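In the numbering used here, the protein residues as written are 1 to 113.
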């Protein structure tokens with residue numbers, strides 16, 4: 001079986017960086033830079049990340065891609081719904097409360113009031 005249908009979960013940028021969907025841009029940048037440094041020195045604890053389907057290998061390229069995806073507000077919206085699934089046996093008590101002012105208009109969905 002191909003991993004392609006599971007890619008939104010297996011390669012979710014929030015899981016790659018180990019951050020919740022409520023993470024700020026500064027937290028994303030800080031964690032991404034930290035992970036890149038840890039991967040550069042070969043620290044084993046940085047070499048994998050948790051997903052709802054189990055651990056996955058983490059590479060510098062994957063971390064850079066995750067940071068790039070989460071810098072784009074549209075792409076962040078695409079990845080957010082998949083990032084609320086539990087990982088490593090931890091069940092989230094509720095979906096995170098994420099708000100995006102003018103989020104719908106940012107992706108081209110304008111509704112007259």
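For glycine and all other residues, C-beta sits at the position ideal for the given N, C-alpha and C.
Quantities reported herein were computed from a predicted structural model and do not represent experimental measurements.
Taking C-beta separations shorter than 7 Å and ignoring five residues to either side along the sequence, the partners of residue 75 in its chain run 69, following chain order.
For residue 54, no alpha helix (DSSP H) run applies; the uninterrupted beta strand (DSSP E) run containing it begins and ends at 54-57, by DSSP. When the alpha-carbon of residue 77 is set against those of 6, 7, 14 and 10, the nearest one is in 14. Taken in chain order, the complete alpha helix (DSSP H) segments of 4 or more residues contained in the region 63-91 are 73-79. Nearest neighbour of residue 9 by Cα position, chosen from 33, 49, 24 and 36, turns out to be 49. Unbroken alpha helix (DSSP H) stretches of 4 residues or longer found wholly inside the region 1-51: 7-10, 13-17 and 25-40, given in chain order. Between the region 17-30 and the region 56-67 there are three or more inter-stretch CB-CB distances shorter than 8 Å, so the stretches are counted as touching. The C-beta separation of residue 51 from residue 87 comes to about 6 Å, placing the pair in contact by the 8 Å criterion. Across the set 57, 3, 22 and 17, the C-alpha of 22 shows the shortest separation from the C-alpha of residue 81. About 15 Å separates the Cβ atoms of residue 16 and residue 84, ruling out a contact at the 8 Å cut-off. Residue 12 and residue 79 have their C-alpha atoms roughly 6 Å apart.
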